[in-house]
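Going by UniProt numbering, the sequence shown runs without a break in its numbering and finishes at 538.
Don't be surprised by glycine CBs; every beta carbon is placed ideally from N, CA and C.
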Amino acid sequence: MSGPPRGSATVPVSPAPVSPSFGPGPVTPGPGGVPPLGPPISALPAPADAAPAPAPTPAPTPAAPRRRTRLPLVLAAVLLLALASVGVVIIRPGPVAGWLGDDAGSGPNAAGVTQDPAPSDVLAGPDSNAPVPSPDGVRAALDPLVGVAALGNRVNVSVADVITGQTLFAKGADDGTVPASVTKLATAVTVLAARGSGYRIPTRAVAGAKAGEVVIVGGGDPTLAINKKGYYPGAARLDDLAAQVRAALGGTPPTSVTVDGSVYSGPVYGPGWDDDIPTGGSGGAVTALMTDGARTDPGVEHGSAPRFAEPDLAAGKAFARLLGVPTDSVKRGAAPPQAATGASPAPGTELGVVQSPPLIRLVDVMISESDNLVAEALARQVALARGQPASFDGGAAAMDAEVAELGLPADEISVSDGSGLSRLNRISPSLLTDLIRLAATPDHPELAGVFGGLPVGGWSGTLNERYRNTAGTAAGAGSVRAKTGTLTGVHSIAGLVTTADGRLLTFAVLTDKVPGDRDTAQPALDRIAAALAGCGCG
């Protein structure tokens, strides 16, 4: 898929005022009492005893950027509006914890992981008046770090100022590189653009063609739970769906369950996946019906976990047990078209429906914990929204098309999946920094959901243990907010960093010919981001 050449894309920006209404201190409720999502770009959540935030002051108007404009401070207001629009109530700030939907007490895993209180050095926010680092200064800081042997001989980097869009460092910046899980940033932006932050994925039950047959129709919700002990907090539940079915059937007992996952097509495992991914616990079969991300045990801690080989049938059997139907009656099939006459209920009649959490929550889970099956489900939502087959190929084509429609150079992205498990994926570092800057504009408020789940250096998500004790990385603690990616021989990181002067930068570092292992490659990547965090670079 081709798109506009780099530099030709323009994103018009309305002259909306900037509202820097957040900073160190307690989270201030927004419209409808909704506090902002996760750690705002300018500040992470303060401890409970933190002093109240000072009164906001108007932000100065930035200089006109080369390609896109708008202060990053607008992100808080954008997130407030996005969350208010889907009715999300957040009981505690943080990148994931507290964003628990209607049943805050269930699902202790995934998005329910409790974080330690944010350290004081996480609370400093960017300063829109801070000086822009000079390209020469950034080059002097990064050149010695990008050439280290631990990263191999293919290290592609893009660093840009968020406000002005000025490129501050570029090394192979436009070259397609294997991104690993950094692919999820593209998945997040494209699904938010295609579906909107408030979209919910349905799981339906309809009457089958035979008397007593119940057909469960998977819509592609990977977070669906069996009961309140599900893995993902706030998930839709099969026990609720079963209760609806029993009520709709009245005194008629169900006799069999048919599983309809036909909204998805094609292979269940991605092209370019390593041979051990289907059985290694980090990935699994991608089907339109599954429970708890296909985990065999929803009570396991976050991380790799055993998965069902046939998640759709496993979910169908769980549903059958809830209905009191023998599990040996469960089979795959298709829901019949709704009949105008016939038995009551007529074949195809809807017996119940449950809805996933809003899409913005699923994006948050995908990014914060690098959830691969959630990512594949979201890529298929891009496909469905664009009228493409909900398959690996359809999702990839739809993501490329969505990037082009956003006015970005789609010739710099070519993906085969939405999770980044595929070694066939190619994304340029500069496209990643473009995506991040685009998400910061008020003209695309639906894209701001990409920021809520970004892990924070030394504090949360996949960066929780990084930027803590490794030499040369301390400056990144609390200042780096980024998505990481790892495959054998591939290490990547992309996101945001606040410099020592308070300037907000976006950066991406992709390496796909790493000779060693993560124990040497990841610290080398972290030193690059930490150098930006500790840099005045004037």
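- Non-local C-beta neighbours of Leu192 in its own chain, meaning closer than 6 Å and more than five positions away in sequence, comprise Glu446, Leu447 and Gly449, ordered along the chain.
- For the pair Asn153 and Lys513, the CB atoms are nearer than the 7 Å cut-off.
- Here Ser419 really is in contact with Thr183; their C-beta atoms are around 7 Å apart, less than 8 Å.
- Separation of the CB atoms of Glu350 and Arg200 is rounded to 16 Å, and the pair is thereby denied contact status at 8 Å.
- A direct Cα-to-Cα measurement between Asn372 and Gly280 gives close to 12 Å.
- The straight-line gap separating the alpha-carbon atoms of Ala475 and Gly218 is approximately 46 Å.
- Ala494 and Ala242 have their C-alpha atoms spaced approximately 43 Å apart.
- Taking the CA atoms as reference points, Pro306 sits about 16 Å from Tyr232.
- Nearest neighbour of Leu431 by Cα position, chosen from Val146, Thr187, Leu142 and Asp136, turns out to be Thr187.
- Taking C-alpha positions only, Ile277 is separated from Arg423 by approximately 12 Å.
- The Cβ neighbour count for Arg246, taken over all protein chains shown within 10 Å, is at least 16; the residue is labelled buried.
- Closest by C-alpha distance to Leu313, out of Asp411, Lys331, Ala385 and Ala440, is Lys331.
- In this structure, Gly316 places its C-beta atom within 7 Å of the C-beta atom of Val259.
- The bridge partners DSSP lists for Asp161 are Leu505.
- The DSSP-derived three-state label of Val353 is strand.
- Secondary structure note for Gly280: its alpha helix (DSSP H) is the uninterrupted segment Ile277 to Gly280.
- Straight across, the Cα-Cα distance linking Ile413 with Ala500 is about 32 Å.
- With fewer than 16 other Cβ atoms inside 10 Å of its own Cβ, Gly538 counts as exposed.
- Under a 10 Å Cβ-count criterion, Arg518 is classified as exposed, with fewer than 16 other Cβ atoms of the shown protein chains found around its own Cβ.
- A distance below 6 Å between beta-carbons, with the five flanking residues on each side excluded, links Ala396 to the following residues of its chain, in chain order: Val415 and Ser416.
- Between Ala533 and Val162 a beta carbon distance of about 14 Å is seen, past the 8 Å cut, so the two are scored as non-contacting.
- Assigned with DSSP and collapsed to three states, Gly293 falls in helix.
- Contact check for Pro347 against Ala209 passes: the beta carbons are separated by less than 7 Å.
- Within its own chain, the residues whose Cβ lies closer than 7 Å to the Cβ of Val325, once the five positions on either side in sequence are excluded, are Pro254, Thr255, Ser256 and Val257, listed in chain order.
- When DSSP reads this structure, His444 sits in no beta bridge, so it has no partner.
- Taking a C-beta distance under 7 Å as the contact criterion, Gly502 and Pro133 do not qualify as a contact pair.
- In terms of Cβ geometry, Ser197 and Leu359 form a close pair [threshold 7 Å].
- Rounded to whole angstroms, the separation of the alpha carbons of Leu525 and Gly266 is 36 Å.
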